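All remarks here apply to the structure that follows.
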Amino acid sequence: MKKHHPDGWTILQFDVPGEPILLKIFATWRWSNEKWRLSSDSYNSHNIRSYDSYFEWEQESGSIYHLPKDGENGYTMWQSMKLDIIIDASKKCGASVSVVKLNELFTGVGEQ
Numbered sequence: 001m002k003k004h005h006p007d008g009w010t011i012l013q014f015d016v017p018g019e020p021i022l023l024k025i026f027a028t029w030r031w032s033n034e035k036w037r038l039s040s041d042s043y044n045s046h047n048i049r050s051y052d053s054y055f056e057w058e059q060e061s062g063s064i065y066h067l068p069k070d071g072e073n074g075y076t077m078w079q080s081m082k083l084d085i086i087i088d089a090s091k092k093c094g095a096s097v098s099v100v101k102l103n104e105l106f107t108g109v110g111e112q
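Here our numbering is used: the first residue of the sequence shown is 1, the next is one more, and so on.
Take a look at the structure:
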């Protein structure tokens, strides 16, 4: 299992008619050459754990993301353009895509 420690992150919700809702993490490393990565997927937010300074979210692939609590929607202008490209391309394929805040997914993240 691979662990990722981004500086910033945004949660994307993909809704395709007839399919289960899919959640992905748009992870960013603002201070490391503006690197970004789109996570594999997760069908629910029940496996998110809350620690002192970060959330831990395991994806369906087994990859684990450590998301800093102060990093939600943290990205550079260049990374935001990449995010827009991902959202536009997904919509052209018939998916409804929205940015969701972590607190919109559930109440009471599992505290550790």
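Ideal placement from N, C-alpha and C gives every residue a C-beta, glycine not left out. This one's a predicted model, so the numbers in the text were calculated from it and none came from an experiment.
Kindly confirm or deny that the stretch 63–72 and the stretch 7–15 touch, where touching means at least three C-beta pairs closer than 8 Å. yes
Which value, in whole angstroms, describes the spacing of the CA atoms of E34 and A27? Position 34 of the sequence shown holds residue 34. Position 27 of the sequence shown holds residue 27. Taking the straight line from one Cα to the other gives about 10 Å.
So, for S40: in the same chain, excluding its five sequence neighbours on each side, which residues have a beta-carbon less than 8 Å away from its beta-carbon? Locating residue 40 in the sequence shown gives position 40, where the first residue counts as 1. Excluding sequence neighbours, S40 sits near K24, Q59, E60, S61, S63.
In the DSSP assignment, the alpha helix (DSSP H) including A89 goes from what residue to what residue? Reading the sequence shown from its first residue, position 89 is the one you call residue 89. Residues 77–92.
W57, buried or exposed, once every other Cβ within 10 Å from all chains shown has been counted against 16: Here residue 57 refers to the residue found at position 57 of the sequence shown. So W57 counts as buried.
Taking the DSSP output, what are the residues bridged to D15? One-based indexing of the sequence shown puts residue 15 at position 15. In the DSSP output, where bridge partners are listed per residue, D15 has S96.
With a 10 Å radius around its C-beta and 16 neighbouring C-beta atoms as the bar for buried, classify L38 as buried or exposed. In the sequence shown, residue 38 corresponds to position 38, counting from 1. L38 is exposed by the Cβ-count criterion.
Do you know whose CA, among S45, S50, K82, lies nearest V113's CA? This structure gives no information on residue 113, because the portion of the chain shown stretches from 1 to 112.
Rounded to the nearest angstrom, what separates F55 and H4 at their Cα positions? As a first step, residue 55 is located in the sequence shown; it is residue number 55 there, counting from the start. As a first step, residue 4 is located in the sequence shown; it is residue number 4 there, counting from the start. Roughly 12 Å between the two C-alpha positions.
Could you give the distance in angstroms between the alpha-carbon of D90 and the alpha-carbon of S53? Here residue 90 is taken as the residue at index 90 of the sequence shown, counted from 1. Here residue 53 is taken as the residue at index 53 of the sequence shown, counted from 1. Checking the sequence, you will find Ser at residue 90 rather than Asp. Taking the straight line from one Cα to the other gives about 32 Å.
Can you tell me whether E104 is helix, strand or coil according to DSSP? For the purposes of this step, residue 104 is taken as the residue at position 104 of the sequence shown. Reduced to three states, the DSSP call for E104 is helix.
According to the Cβ coordinates, are G94 and R30 closer than 8 Å? On the sequence shown, residue 94 is found 94 positions in, with the first residue counted as 1. On the sequence shown, residue 30 is found 30 positions in, with the first residue counted as 1. No.
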